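Enquirer: Protein chains in written order, with my numbering: chain A, 295 to 1131; chain B, 476 to 863. Yeah, the Cβ is synthetic: ideal placement off N, Cα and C, and Gly gets one too. Note that the structure is predicted; figures quoted are calculated from it, not measured. Sharing a structure, written as structure tokens. Questions coming.
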């Protein structure tokens, strides 16, 4: 084992001190080359997910060891690592992107208004240098991760006092990246502040310098930066607690304050250094101090003390001694723990006072009307106020005054240290400071049908998915989504009703894709869209369209299919719908029943259908009878992964592009786990880019498809495929694979029959398989012709029939005798009644 | 050894006769020979302040201290003390306004300035102690000298303590030329005149008289660097030339080089013998000067006592352990700074540990006690630049 103590990480290689200078000299050339790379969020989150599981499994004990080397405290090291792991979780990274940059895909140049060819995005600034102080053990790692979230190439200047935890941690993160891209974004060097030449060389490469530390550190870094380099300083801050007059005797609040004083030994910028007590009565202030003393005596032993240096002790002693001199003059009181573990410095003069920390708290009086003048001298440094206030009037007044005075965060008393995902950092969203907001405008006709630039990226959909195992369908069905907030049921053409849960975040990102699919298909803000899907009863059709069209800024007529057809028809006419959206079976019923009203209307332009298929014959009926100019089915969806495909204007029936923002799609051979060859039909597998929902990797959705390799005229680079029916459509019967979809297509294309078809398969223990094709009575008289048609065109069926492995019969029946799925009212395509043999 | 002759001091009132007696002792005679006298002198000065200064009276009461608690030198640590920083926020005088002859402020490198008021007696005693200490260290000479002062050029109304001390330091050898490195710029400020310093040093060298360099060490260091940059490898001065620093590296702590290396650098560049290069410790808060001996140790004059106190408990630590330095002197009458806790950390060593002939203990200054900045992300007081 390599026991060398490595101080530097160059991409994925730990390097030795003697190599450092040479490597840094090579940096400009390497960076120039690597800056064209793009760090997709999914690459980062995949690596993070893998790293978390490695850490949780205990396979990386050296990370904890590296921390213990510097902090000498196993518990603290473990807590730090747990905190970092929490930060790394995909859902937290995604939430950060959303809160800081407003989107789960913030780096994608997208239309800010779908009707205009104006695109905006956040883009990485380029090379980000991070300068961290000593004794900031996890700050280096967290700062680097933020830089990676922003998509920058990150260079950390670490110091020896932090040990090499950050270097080892980032090395492991890179190890977890299967794409090999991540390493180009990561460099960590342990460089002393005295090595100014080296630091200058790094800074010369920077587009952005992030510096953590005090005024002096920030100033010296600023002086080294060429003009124009963005310097983001996370400087030192002061926080305090505030007691509204009504709560100054409240023991619970005082206990809570004591906890915040002890919890991190006042080592955080969020720690209270002072408590401002709303009173003019100095006896009340003394009483408050005494109560705080009692609380601290009780609470201080519950939290571990942090060892501090002679210098820090001297600072405390000096401040305490000076306050005793003040006390001798009647300006306050000093209350110390006998074992020197904490001290309370009561001062009768108002003002804010920084404390020498380590459980040293100033207690000072304040009047509400004096908040702004008292805090004014410090306003550039103010951060958190832990507020003890009870009624809404106090909370309102104090919050307003404190924020005006310069505070950035207001928390309940005792919760100054707590934070939440997506909380602004020192009053800004950090990732906005690490990125730039760019705009792109082009002539409208040049970017027609392009909602965002990711549709045009050459590497669109080229992610290597072989790193994931194929999802086991049974296990998947047992999985519970802990983030589920929206439950939807599938109509289930397979006959079974299934309820699935989604997080709002995933739902929202899926709906955004639906919106873009509509935009691509040509539906836009000028349309008046009537939504005629079934609403309520856990169905997603209506609500998904409602939300998607809202995002698209079209006019929406929220009608649904739940009311009588006459009312619907009248509303369409009255409110001048030009686009109708619904399920084919319902739309056929509506237009059949309200034929006269709708035929006379003449205002329809577009019919958008989903949920079922529509035959060419049916489409023709709508265009010729009702004047629809186009009939679209722009979205291909399933319950498991929601959005699986979108159709552009150039997609033929059944053809879709892969919406690569939310999924990746693979087509594997029917019998093996290998990708299909050219023109080969295979099983479609989906890998969902979830935000919070459980990962869905390489999941077989039951559909068949084949790739379309010719570039699409729409200009999108997203992969294009053609749906070839349900996997379940292929039934093994009569020793051959029979494709139900193929049967349907032959009948619908070559005969006058245009309605429902149902295939029933029976057997007995002795006889061959028996196929009954159920057609509506309109097919009566064509039975023989249909059998002949199928026999002549389906080679495997003919072989089977000739070999008497299978028998085929056509039955013409009224719809009432078909098997209908209870939940959706859909005709079940295949009913397999065979008993397992 | 010489016998100090008290001169130029207004005779002390009767109630300070022990102080008067103490001042007659040789400045570096062993403390044990003066302990008894010293305690009596301390009683006198404490009473002096207690009777005239309400704040001080209150302080003694707050600490339950009475002068009668002082019976021997072992009781010295019972005397209440005031932290030097206290004077940054409070003006506390014992002397009457009309008796104040000098008003000085600390050189104020960290923002807040402290104010100090000296009466005739204190000024005279301060100068007397300086004189006898310098005499005991061989600094007094009849040989005319050229002076280069690395300190603020005085102007009317200028009140910095270290500048005052430099005026005293120039009385120990006749002045030929006096030049300042920090020139008054006419706008109530001073600029370091590096070219001026270089010119004067070259002139002084040509003139060939001994040169005495006083003031902030940092600026002499910058000047040597400047001369080197300009192509001078060395600039040999008269061998009786001397350096006497004061005020430390304030404001330039990041550029500080270790004392031994710095002295060696001076020695090599100017040819000044190492024993002629000395530092001096003193402060406006407690204006008694401590001068380095030829081995570069700061011996206490026998009129002074130092207690080193633990940084956490403030318990006295004795020899060899670092802690706060409490300086105690019975001679300061204008302000209650006769027992003061300095912002510096120090170690006290017994006089025998130094090969020189001085018998009193000496102390090493270890730098500022306390933190100027926090290691954590919580801001420290000294970092916060308040709005004016």
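1) Relative to the C-alpha of residue 687 of chain B, which residue among B/834, B/651, B/826 is closest?
2) Of all the beta strand (DSSP E) runs that stay within the bounds of the stretch 828-856 of chain A, which reach a length of 3 or more residues?
3) Look at the Cβ atom of residue 684 of chain B, then the Cβ atom of residue 641 of chain B, and state whether they are nearer than 8 Å.
4) Give me the residue from B/532, B/616, B/742, B/755 with the minimum Cα distance to residue 837 of chain B.
5) Could you tell me if residue 784 of chain B is buried or exposed, where buried requires 16 or more neighbouring beta carbons within 10 angstroms of its beta carbon?
6) Taking only three categories from DSSP, how would you classify residue 484 of chain B?
7) Measuring only between beta-carbons, confirm whether residue 820 of chain B sits less than 8 Å from chain A.
8) According to DSSP, is residue 635 of chain A helix, strand or coil?
9) Which of the three DSSP states, helix, strand or coil, is assigned to residue 517 of chain A?
10) From the DSSP secondary-structure annotation, give me the bridge partner or partners of residue 502 of chain A.
11) Which residues in chain A have a C-beta closer than 7 Å to the C-beta of residue 786 of chain B? List them in chain order.
12) Below 8 Å CB to CB, which residues in the same chain sit around residue 402 of chain A once its five sequence neighbours on both sides are set aside?
13) With a 10 Å radius around its C-beta and 16 neighbouring C-beta atoms as the bar for buried, classify residue 794 of chain B as buried or exposed.
14) Give the interface partners of residue 533 of chain B over in chain A, defined as CB-CB distance under 9 Å, in chain order.
15) Identify whether residue 572 of chain A lies in helix, strand or coil by the three-state DSSP scheme.
16) Please classify residue 721 of chain A: is it buried, with 16 or more other beta-carbons within 10 angstroms of its beta-carbon, or exposed?
17) According to DSSP, residue 867 of chain A sits in a beta bridge with which residue or residues?
18) Leaving out five residues on either side along the sequence, give the residues of the same chain with a beta carbon under 6 Å from the beta carbon of residue 1132 of chain A.
19) Relative to chain B, which residues along the stretch 624-651 of chain A have a C-beta separation below 7 Å, given in chain order?
20) For residue 800 of chain B and residue 458 of chain A, I'd like the C-alpha separation in whole angstroms.
21) Under 7 Å from any heavy atom of the ligand ZN, does the C-beta of residue 569 of chain B make it?
22) Name the one or two DSSP bridge partners that residue 527 of chain B has.
23) Measuring only between beta-carbons, confirm whether residue 619 of chain A sits less than 8 Å from chain B.
24) Going along chain B in order, which residues have a C-beta closer than 8 Å to the C-beta of residue 615 of chain A?
25) Counting only C-beta atoms, is residue 537 of chain B closer than 8 Å to chain A at any point?
26) Measuring straight from C-alpha to C-alpha, what distance separates residue 521 of chain A and residue 515 of chain A?
27) Could you tell me which chain A residues have their CB closer than 7 Å to the CB of residue 569 of chain B, listed as they occur along the chain?
28) Can you give me the C-alpha to C-alpha distance between residue 610 of chain A and residue 673 of chain A, rounded to a whole angstrom?
29) Measuring straight from C-alpha to C-alpha, what distance separates residue 577 of chain B and residue 547 of chain A?
30) Going along chain A, which residues have a C-beta under 7 Å from residue 561 of chain B?
31) Among B/558, B/664, B/828, B/777, which one has its Cα closest to the Cα of residue 620 of chain A?
32) Do you know offhand how far residue 504 of chain B's Cα is from residue 767 of chain B's?
33) Using beta carbons (cut-off 8 Å, strictly below), is residue 793 of chain B in contact with chain A?
34) For residue 1104 of chain A and residue 1077 of chain A, which I take to be in contact (beta-carbon distance under 8 Å), what is that distance rounded to the nearest angstrom?
35) By the three-class DSSP mapping on this structure, what secondary structure does residue 561 of chain B have?
36) Check whether the Cβ atoms of residue 562 of chain A and residue 366 of chain A sit closer than 8 Å, and answer yes or no.
Expert: On the basis of the data shown:
1) One-based indexing of the second chain puts residue 687 of chain B at position 212. That would be B/651, whose Cα lies nearest to the Cα of residue 687 of chain B.
2) Restricted to the stretch 828-856 of chain A, the beta strand (DSSP E) segments that are unbroken, complete and at least 3 residues in length are 849-852, listed in chain order.
3) As a first step, residue 684 of chain B must be located in the second chain, where it is residue number 209. As a first step, residue 641 of chain B must be located in the second chain, where it is residue number 166. No.
4) As a first step, residue 837 of chain B must be located in the second chain, where it is residue number 362. Comparing Cα positions, the closest option is B/755.
5) Against the second chain, residue 784 of chain B aligns to sequence position 309. With 16 or more Cβ atoms within 10 Å of its Cβ, residue 784 of chain B is classed as buried.
6) In the second chain, counting from the first residue as 1, residue 484 of chain B sits at position 9. Correct three-state label for residue 484 of chain B: coil.
7) The residue given as residue 820 of chain B occupies position 345 in the second chain. True, the Cβ-Cβ gap to chain A drops below 8 Å.
8) Counting from one through the first chain, the residue named residue 635 of chain A turns up at place 341. Here DSSP, grouped into helix, strand and coil, assigns residue 635 of chain A to coil.
9) Stepping through the first chain from its first residue, residue 517 of chain A is reached at position 223. DSSP places residue 517 of chain A in helix when its eight states are reduced to three.
10) Your numbering for residue 502 of chain A matches position 208 in the first chain. DSSP output for residue 502 of chain A lists A/422, A/524 as bridge partner(s).
11) Locating residue 786 of chain B in the second chain gives position 311, counting from the first residue. Chain A residues near residue 786 of chain B: 604, 607, 608, 611.
12) Here residue 402 of chain A is taken as the residue at index 108 of the first chain, counted from 1. Excluding positions up to five away in sequence, the list reads 415, 746, 747, 748, 955.
13) Locating residue 794 of chain B in the second chain gives position 319, where the first residue counts as 1. That one is exposed.
14) The residue you call residue 533 of chain B lines up with position 58 of the second chain. Near residue 533 of chain B (Cβ distances below 9 Å), the residues of chain A are 622, 623, 624.
15) Counted from its first residue, the first chain places residue 572 of chain A at position 278. If DSSP states are grouped into helix, strand and coil, residue 572 of chain A belongs with the strands.
16) Position 427 of the first chain holds residue 721 of chain A. Residue 721 of chain A is exposed by the Cβ-count criterion.
17) Numbered from its first residue, the first chain carries residue 867 of chain A at position 573. Partner(s): none; residue 867 of chain A has no beta bridge.
18) Because chain A spans 295 through 1131 in this model, residue 1132 of chain A falls outside it and cannot be assessed.
19) 634, 648, 651
20) As a position in the second chain, residue 800 of chain B is number 325, starting the count at 1. As a position in the first chain, residue 458 of chain A is number 164, starting the count at 1. Taking the straight line from one Cα to the other gives about 39 Å.
21) This structure does not include the ligand ZN; it has no bound ligands of any sort.
22) Counting from 1 along the second chain, the entry for residue 527 of chain B is found at position 52. BP columns for residue 527 of chain B are empty, so no partner.
23) Residue mapping note: residue 619 of chain A aligns to position 325 of the first chain, counting from 1. Residue 619 of chain A counts as touching chain B.
24) In the first chain, residue 615 of chain A corresponds to position 321, counting from 1. The contact set of residue 615 of chain A on chain B, defined by CB atoms closer than 8 Å, consists of 558, 789, 816 in chain order.
25) Along the second chain, read from residue 1 onward, the residue named residue 537 of chain B stands at position 62. Yes - at least one Cβ of chain A is within 8 Å of the one on residue 537 of chain B.
26) The residue labelled residue 521 of chain A in the question sits at position 227 within the first chain. The residue labelled residue 515 of chain A in the question sits at position 221 within the first chain. Spanning the two alpha carbons is a distance of roughly 12 Å.
27) Residue mapping note: residue 569 of chain B aligns to position 94 of the second chain, counting from 1. What residue 569 of chain B touches in chain A: nothing, since even the nearest Cβ is about 15 Å away.
28) In the first chain, the residue the question calls residue 610 of chain A occupies position 316. In the first chain, the residue the question calls residue 673 of chain A occupies position 379. Each residue's alpha carbon lies about 24 Å from the other.
29) Stepping through the second chain from its first residue, residue 577 of chain B is reached at position 102. Stepping through the first chain from its first residue, residue 547 of chain A is reached at position 253. Cα to Cα, residue 577 of chain B sits roughly 52 Å from residue 547 of chain A.
30) Start at 1 with the first residue of the second chain, and residue 561 of chain B comes out as number 86. Simply 616, 619.
31) For the purposes of this step, residue 620 of chain A is taken as the residue at position 326 of the first chain. Looking only at B/558, B/664, B/828, B/777, the smallest Cα-Cα distance to residue 620 of chain A is reached by B/558.
32) Counting from 1 along the second chain, the entry for residue 504 of chain B is found at position 29. Counting from 1 along the second chain, the entry for residue 767 of chain B is found at position 292. About 16 Å.
33) For this step, residue 793 of chain B is matched to residue 318 along the second chain. It does not; no Cβ of chain A falls within 8 Å.
34) Start at 1 with the first residue of the first chain, and residue 1104 of chain A comes out as number 810. Start at 1 with the first residue of the first chain, and residue 1077 of chain A comes out as number 783. Contact flag correct, Cβ pair sits at about 4 Å.
35) Sequence index remark: in the second chain, residue 561 of chain B carries index 86 (1-based). Residue state, collapsed to three classes: helix.
36) Here residue 562 of chain A refers to the residue found at position 268 of the first chain. Here residue 366 of chain A refers to the residue found at position 72 of the first chain. No, the Cβ-Cβ distance between residue 562 of chain A and residue 366 of chain A is not below 8 Å.
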